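All remarks here apply to the structure that follows.
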Amino acid sequence: MLFSIIIPVKSINNYVRETVPHIQALKTHKWELFIIPNSIEENEWADDKRITILESGKVGPAQKRDLGAMSSNGDIVVFLDDDSYPDVNFLKIAKTYFLNSNVIAIGGPAITPKEDSFWQHVSGAVFLGKLTGGFPERYVPYGPSKEIDDWPTVNLMVRRKDFLSVGGFDCHYWPGDDTWLCLKLKKTGKKIMYAPEMIVWHHRRAGFLLHLKQVGAYGLHRGYFARHYPETSFRFKFFIPSLFVFFVLVSIIFALSGQSLFLFLFILFGWTIYILAIVSSIYDSSKHEGLLVSLATLLYLPPTHFFYGIRFMMGFLRKGELVSKLR
2 MLFSIIIPVK
12 SINNYVRETV
22 PHIQALKTHK
32 WELFIIPNSI
42 EENEWADDKR
52 ITILESGKVG
62 PAQKRDLGAM
72 SSNGDIVVFL
82 DDDSYPDVNF
92 LKIAKTYFLN
102 SNVIAIGGPA
112 ITPKEDSFWQ
122 HVSGAVFLGK
132 LTGGFPERYV
142 PYGPSKEIDD
152 WPTVNLMVRR
162 KDFLSVGGFD
172 CHYWPGDDTW
182 LCLKLKKTGK
192 KIMYAPEMIV
202 WHHRRAGFLL
212 HLKQVGAYGL
222 HRGYFARHYP
232 ETSFRFKFFI
242 PSLFVFFVLV
252 SIIFALSGQS
262 LFLFLFILFG
272 WTIYILAIVS
282 SIYDSSKHEG
292 LLVSLATLLY
302 LPPTHFFYGI
312 RFMMGFLRKG
322 ELVSKLR
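Numbers 2 to 328, taken from the working numbering, label the letters of the sequence shown in order.
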């Protein structure tokens, strides 16, 4: 079983230079690596014939991944981000899942590396709460293996023949290209599986504004998909941050008027539920990140929910085509 690892990148950076040795450490299985920058660059690993640099031009990550898959020779295409690197048992674990012919794709968690800064760990810890993050299994090994219908390309593998049979990504969404691909894969009737032990390490955003920018992009695309491709995106949990925005606005209006006892009780109940959810999130993240990092998420969680909620509604209300900006 040959694994074709594909990493889209604007230009070769220090994260990629960190990633390549981790891939080269995957000695027990056959692999090839395609690094795909905008412009042709010197192959710093030219002595390793398994590593190829492909020039893509100024296109988005989805187009780069399609180029890599079409150029590959493997049985399995492996998608990583340029700021992630695999655990040493990455391919060994993946092979066990693909022994089942009904499994078309698998995805695993992307864990914040220990070497990341304090605030990078805080950014990652925001997503670890069951009630406030939504998908902790994407960020830490969580529960048993299960069937899923959507997974990010930071740690996603697909059978190459099936990937090509559905047309690859063939889209300009970013983020959202992974949701689009998984939607097409699910329509084949085969399974996408969650593999909690198939780990990659994923560097987080280094500052508050970069964190919000990333979250906002997630919200915008999820809102757009909830309206235009509802099969896997029109779900109540995705609307909760937008309801939070509405609740905050109602709270502000009440604070300025203060005339309704019913509204006061409604707002008091709502904030009590939200505070309990935040406490639950701190507890969840403390199991993985420690108490100090978890407490620091108090500064990130409300703005994260508020900004995601606004961007989600912007995407949901958008009538025209959503064209992602290039990196």
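No residue lacks a Cβ here, since even glycine has one placed at the ideal position from N, Cα and C.
Since the structure is predicted, the reported quantities are computational estimates derived from the model, not experimental observations.
### Query
Ordered along the chain, which non-local residues of its own chain (more than five positions away) have a Cβ less than 6 Å from that of residue 163?
105
### Task
For my contact list, residue 141 and residue 107 are in at a C-beta cut-off of 8 Å; report their separation, rounded to the angstrom.
Actually they are not in contact, since the Cβ atoms of residue 141 and residue 107 sit about 17 Å apart, beyond 8 Å.
### Task
Could you pull the start and end residues of the alpha helix (DSSP H) that residue 309 belongs to?
302-318
### Query
In the structure shown, what three-state DSSP assignment does residue 155 receive?
coil
### Task
With DSSP as the reference, label residue 199 as helix, strand or coil.
coil
### Task
Below 8 Å CB to CB, which residues in the same chain sit around residue 167 once its five sequence neighbours on both sides are set aside?
Residues 182, 185, 186, 188, 189 of the same chain have their beta carbon placed closer than 8 Å to that of residue 167, with the five preceding and five following residues left out of the count.
### residue 175 (DSSP reduced to helix, strand or coil)
coil
### Task
Would you list, in sequence order, the uninterrupted beta strand (DSSP E) runs of no fewer than 3 residues that lie entirely inside the segment 187-238?
192-195, 201-203
### Task
Answer with buried or exposed for residue 64, where buried requires no fewer than 16 other C-beta atoms within 10 angstroms of its C-beta.
buried
### Query
By Cβ distance, which residues of its chain are closer than 6 Å to residue 20, with the 5 residues on each side in sequence left out?
Hits under 6 Å: 86.
### Query
Touch check for the segment 117-129 and the segment 225-238: three-plus C-beta pairs under 8 Å?
no
### Task
Could you pull the start and end residues of the alpha helix (DSSP H) that residue 275 belongs to?
First-last of the alpha helix (DSSP H) with residue 275: 262-290.
### Task
Return the first residue and the last residue of the beta strand (DSSP E) that residue 131 is part of.
Run containing residue 131: none; DSSP gives neither H nor E here.
### Query
Any chance the segment 212-224 sits against the segment 298-315, with 3 or more Cβ pairs inside 8 Å?
yes
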